[in-house]
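To get our numbering, take the position in the sequence shown, counting from 1, and add 3.
For every residue, glycine included, the Cβ atom is placed at its ideal position computed from N, Cα and C.
Take a look at the structure below.
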Amino acid sequence: MVFIGATLNIALNYQVLFLQSINATALLIGIAVSLLSLLEISMMMLVPAALKHHPMRRILLAAALFFPIRCALFYFIQDPGWMIPVQILNFVAAIGFEVIGVSYVDKNTPPKWRATGQGLYATAMYCIGPGIGNLVAGNVLERFNIRSVWVLNFILGIGGLMLVFIALGYFHR
Numbered sequence: 004m005v006f007i008g009a010t011l012n013i014a015l016n017y018q019v020l021f022l023q024s025i026n027a028t029a030l031l032i033g034i035a036v037s038l039l040s041l042l043e044i045s046m047m048m049l050v051p052a053a054l055k056h057h058p059m060r061r062i063l064l065a066a067a068l069f070f071p072i073r074c075a076l077f078y079f080i081q082d083p084g085w086m087i088p089v090q091i092l093n094f095v096a097a098i099g100f101e102v103i104g105v106s107y108v109d110k111n112t113p114p115k116w117r118a119t120g121q122g123l124y125a126t127a128m129y130c131i132g133p134g135i136g137n138l139v140a141g142n143v144l145e146r147f148n149i150r151s152v153w154v155l156n157f158i159l160g161i162g163g164l165m166l167v168f169i170a171l172g173y174f175h176r
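Have a look at this one:
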């Protein structure tokens with residue numbers, strides 16, 4: 004979750020700088036940023052239906068897969084208009100870890116350790132990962148350019164995907 008948290012927050016924190024670097028209008032920047040919240044709210048209402056058709060493990064793996072794909076797409080975007088379709092990938096990934104991930108930890112942690120499990124999950128996902136990720140991304144931006152931040156984010160996303168793959172036990176089958 005450290006890698007996933009880093010990837011998610013780097014994308015959130017550096018997308019405005021990226022949009023400015025490709026000459027996006029202020030309106031498009033506002034739409035791209037606010038679109039995430041609107042999509043996440045509507046997606047949260049669909050979570051119960053998704054869980055009826057797909058196991059939590061599969062949703063988490065799919066969510067982890069969307070992070071590096073999104074970062075790779077950010078790297079190649081030249082036209083600001085492409086940000087809107089790419090933002091759609093974020094809400095699926097974010098819901099996977101903000102809703103399904105919390106439920107997965109709760110379901111798979113012994114009752115007397117649930118608070119500890121949730122605390123560790125939240126600390127990795129929302130504190131340690133974003134803190135380290137934003138620090139490293141800031142240094143990459145300062146030394147190179149905004150596109151290099153997406154390369155870093157892609158690498159972190161692949162690392163997170165592999166660790167989620169291992170943690171969910173897909174190598175044991």
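Setting aside the 5 residues that flank it on each side, Leu63 is surrounded in the same chain by Gly99, Phe100, Ile103, Gly104, Tyr107, Val167, Leu171, each with a C-beta closer than 8 Å to its C-beta; the list follows chain order. Here Asn12 is near Gly136, since their CB atoms are less than 7 Å apart. When DSSP states are grouped into helix, strand and coil, Ala52 belongs to the helix group. Within 10 angstroms of the beta-carbon of Thr119 lie fewer than 16 other beta-carbons, which makes it exposed. If you draw a straight line from the Cα of Ala75 to the Cα of Glu43, it comes to about 21 Å. Ala66 sits in a helix when the DSSP states are folded into three classes. Per DSSP, the unbroken alpha helix (DSSP H) holding Phe94 starts and ends at 86 to 98. Sorting Leu92, Pro58, Met59, Thr28 by C-alpha distance to the C-alpha of Ser40 places Leu92 at the top. Close CB contacts of Ala9 within its chain, under the 7 Å cut and outside five residues either way in sequence, are with Gly132, Pro133, Ile135, Gly136, Leu159 (chain order). Apart from the 5 residues on each side of it in sequence, Trp153 sits with its Cβ closer than 7 Å to the Cβ of Cys74, Phe77, Tyr78 in its chain, given in chain order. If the five residues before and after Ala97 are omitted, its C-beta is found closer than 7 Å to the C-beta atoms of Leu11, Glu43, all from its own chain and listed in chain order. Straight across, the Cα-Cα distance linking Val95 with Ala66 is about 6 Å.
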